[in-house]
Structures are given as C-alpha cells and as structure tokens.
Ligand code: GLY
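So, in structure tokens, the structure goes:
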C-alpha cells in the first residue's frame, strides 16, 4: 500500500495522521516532536509485541527512552496509575521539552494523553495506536482522560497529539474479539457521515474481516478523514462532534450497567446503534432498509445486535447519568437517513422504553 497522510486542521496545534503498513515512516512522522527524553506508555500485551521496535526507532532519533508498562484493561485508566507514571517521568528527568509516546489501544492512548496534558502543565505527545478501535477513532481528536470510581472518562481534557502514526501491520496480532470491537466504530463512521463509504464497505467487508492490508488502509483512511473533518469544525464538542456518539447513549448505559465486564466498548456501541436506529425507525426518521443494512454489517463483523437479560428501568437510569446529557434530558444521536444522523434532546421516554420490548430484527423483517 501507498502510505496515506491526513491533515487535521485546527486554529492552533494542527497535526497529521500517517497510515502505513510498517514502522518505516515512524521516525520522520514523530522526530520533530520528540525531545532528548521520551517516555513510552504501553501495556503488558503491547509491550511484548512492539516496544522493542519503538525503542529502536526512538534511539535512532537520539532520544533517551523510558518505558512505562501498565496492566492491560480499563482499570489502568485511574489517577493511581497516573500518579505512578508522573513518578516515573520525574525520576527519569522528563522536562518540558520531553515527550510521551502512547503505544497501544484506547486505554493507553487516553491515559498517556492525560499524563502529557498535565505533566508540567502539558508536554508533547504522539499517538501510535495498535488496535482497530484506536486507529479509527480514539487516537484522533485529542480526548484524554482517566476514570473516577463513580464515572468513566470524567477527569480529562481536550489535548491534541502532535502526530498520529498508524501501522496497520499491528492489527495482524489483534485478537478477533478486539478486531470486531473496532469494527463497530468503523461501521459507525459510515452511518454518521459517509454513505459512499457504506457502499464501498458492503462490497469489501469480507476483505476487511480477513484483514487484507489494502482494504484496511482504505477503510481506516476514510474514518480518520471523517473524524479529522468533524474535529476540525468542533474540537471541544460544542455541536457537530456530538454525532460521533451515535450508539453511545445506549452503549455507555449498557457498559456501566454491566460494570464494563459483559461487553467490549464496540459491542456495546453496536447494540446502541441498533436500538437507537430502532427508535429512529419508530419515529419515522428512517425506513427499515437502514436498520436492515446496519444489522447486516454488524453481523458480518461478528458483533451482537440484540440485548438480552437487561432490565430496561436500570438501563434508562444508567443512560440518565451520561455526562453528555443536558438539563436532565437524555441526549440521543439518531439516524435520519443512511449516512446521516442528528442530535435529539427531548425524546419521548415512553418510546425509548418500547424499543427494548421487542427485538429490532422484528422491525427489520420486510413483509
Ligand atoms: N470518540 C468520540 C470523540 O472523539 O469525540
């Protein structure tokens, strides 16, 4: 594949997203932003696979490297882990000219970005995402955070990386369930913005699931281009950026209700997109073909499309706690066509209750 470069334009702190299938272009993509000292933040799984490659490249840049390895999983996105990383940064003499390298998936990206945003009031960081979810979504756009015991992602900031380097070769070693979780966000980009991408994806989803490089690079490029466009219009989620939360109102509710143990993020978002589309169908915003197509994509990606065994009242309560809600009403992003969504603040709660009573597949059967 030919390397792809996408610019994310902002009033200050614009940066590039590089997509390649090796580490060959990494040196050039990050060198201007790495000082004499850098701290690579990664988790135990990714450390085994890629830390040696990155260490070698950073040393060739002339940077003295410290490796900080955290436990894999959401529990590492905590102030406690953050404190241990500040300690490691201080002990290794990182200063304002040093940099943080986030090497891993969404957890590592959010945590490392948070450290970069707050250490000495902010130092450079670059994102090297190694999961599909991080490559199509979380590594781009500068959302950095750690969790509070009472709420996810509640301590954080918008703090943009200096560069994002995506090596799609890293996806070869990604477990199938993690690959599917990234597919939920990838499919989301088609439904929120890009009907042309959906047409392409219909023809190419098998190639993507087989992890063929050309197809992956094209799809990841489409998602990053859309995200770059949306973030450049609305960096701090005052308006347009909210549409990136399609599937997330119900998805976050499901995740929090099941203590982040039952579903991966992408599985919860997949279910959220199906049920939010069912709401849209009930409201007459979309026809059944939209819902059929969404379910078809998610099944192809081995993602769930039906919620079982969840108490609707508890789910509604969990959704009511989402930090995106305004003035006590639950904010929903709903499809209004195939490849187009809108934000709704005041939905009829009875209608929302109703969609959980029946399988969305029943709406989607043409008769
Ligand atoms: N992951 C959604 C956003 O970056 O806004």
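In my numbering, the protein residues as written are 30 to 396. Glycine included, each C-beta is placed from N, C-alpha and C at the ideal position. Quick caveat: nothing in here was measured; it's all calculated off a predicted structure.
Residue i: CB within 7 Å of a non-hydrogen atom of the ligand GLY
i, result
"residue 166", "yes"
"residue 170", "yes"
"residue 376", "no"
"residue 380", "no"
"residue 161", "no"
"residue 254", "no"
"residue 270", "yes"
"residue 227", "no"
"residue 39", "no"
"residue 203", "no"
"residue 387", "no"
"residue 266", "yes"
"residue 273", "yes"
Local conformation of residue i per DSSP, three classes
i, result
"residue 179", "coil"
"residue 68", "strand"
"residue 275", "coil"
"residue 330", "coil"
"residue 95", "strand"
"residue 281", "helix"
"residue 172", "strand"
"residue 88", "helix"
"residue 370", "strand"
"residue 62", "helix"
"residue 315", "coil"
"residue 376", "coil"
"residue 42", "coil"
"residue 339", "coil"
"residue 292", "coil"
"residue 132", "strand"
"residue 47", "strand"
"residue 36", "strand"
"residue 388", "coil"
"residue 195", "strand"
"residue 308", "helix"
"residue 383", "helix"
Sequence-distant residues of its chain with Cβ nearer than 7 Å to residue i (five each side left out)
i, result
"residue 364", "220, 306, 309, 314, 315, 319, 370"
"residue 206", "293"
"residue 231", "none"
"residue 214", "162, 165, 166, 295, 298"
"residue 59", "155, 192, 194"
"residue 62", "128, 153, 155, 191, 192"
Rounded separation between residue i and residue j - CA only
i, j, result
"residue 292", "residue 197", "25 Å"
"residue 47", "residue 338", "42 Å"
"residue 2", "residue 39", "Absent from the structure is residue 2, since the part of the chain shown begins at 30 and ends at 396."
"residue 107", "residue 311", "40 Å"
"residue 154", "residue 125", "11 Å"
"residue 396", "residue 218", "Only weak support exists for where residue 396 lies, its pLDDT of 37 falling under 50; the value from the coordinates is given anyway. Spanning the two alpha carbons is a distance of roughly 29 Å."
"residue 210", "residue 44", "26 Å"
"residue 160", "residue 208", "7 Å"
"residue 329", "residue 235", "8 Å"
"residue 202", "residue 378", "43 Å"
"residue 99", "residue 137", "8 Å"
"residue 97", "residue 301", "35 Å"
"residue 83", "residue 57", "13 Å"
"residue 134", "residue 163", "5 Å"
"residue 237", "residue 251", "13 Å"
"residue 381", "residue 228", "30 Å"
"residue 332", "residue 283", "15 Å"
"residue 92", "residue 335", "49 Å"
"residue 286", "residue 178", "14 Å"
"residue 200", "residue 240", "8 Å"
"residue 66", "residue 266", "33 Å"
"residue 387", "residue 150", "50 Å"
"residue 72", "residue 168", "16 Å"
"residue 89", "residue 52", "13 Å"
is_contact[residue i, chain C] using C-beta, thresh 8 Å
i, result
"residue 347", "The chain labelled as chain C is not found in the depicted structure, where only one protein chain is given."
Own chain residues within Cβ distance below 6 Å of residue i, not counting five before or after
i, result
"residue 157", "132, 194"
"residue 171", "187, 188, 189"
"residue 413", "Residue 413 lies beyond the residue range present for the chain, which begins at 30 and ends at 396; the question has no answer from this structure."
"residue 112", "none"
"residue 30", "50, 242, 243, 246"
"residue 358", "374, 375"
"residue 212", "330"
Nearest-angstrom beta carbon gap, residue j and residue i [assumed within contact, 8 Å]
i, j, result
"residue 37", "residue 186", "The Cβ separation is near 17 Å, so there is no contact."
"residue 21", "residue 35", "Since the first residue shown for the chain is 30 and the last is 396, residue 21 is missing from the structure and cannot be characterised."
"residue 70", "residue 183", "Going by Cβ atoms, the distance from residue 70 to residue 183 rounds to 20 Å, so no, they are not a contact pair."
"residue 244", "residue 233", "5 Å"
"residue 272", "residue 360", "With 8 Å as the limit, residue 272 and residue 360 do not qualify as a contact, their Cβ atoms being about 11 Å apart."
Same chain only: Cβ atoms within 8 Å of residue i, ignoring 5 sequence neighbours per side
i, result
"residue 54", "32, 47, 194"
"residue 269", "259, 262, 263"
"residue 367", "220, 224, 227, 315, 318, 319, 322"
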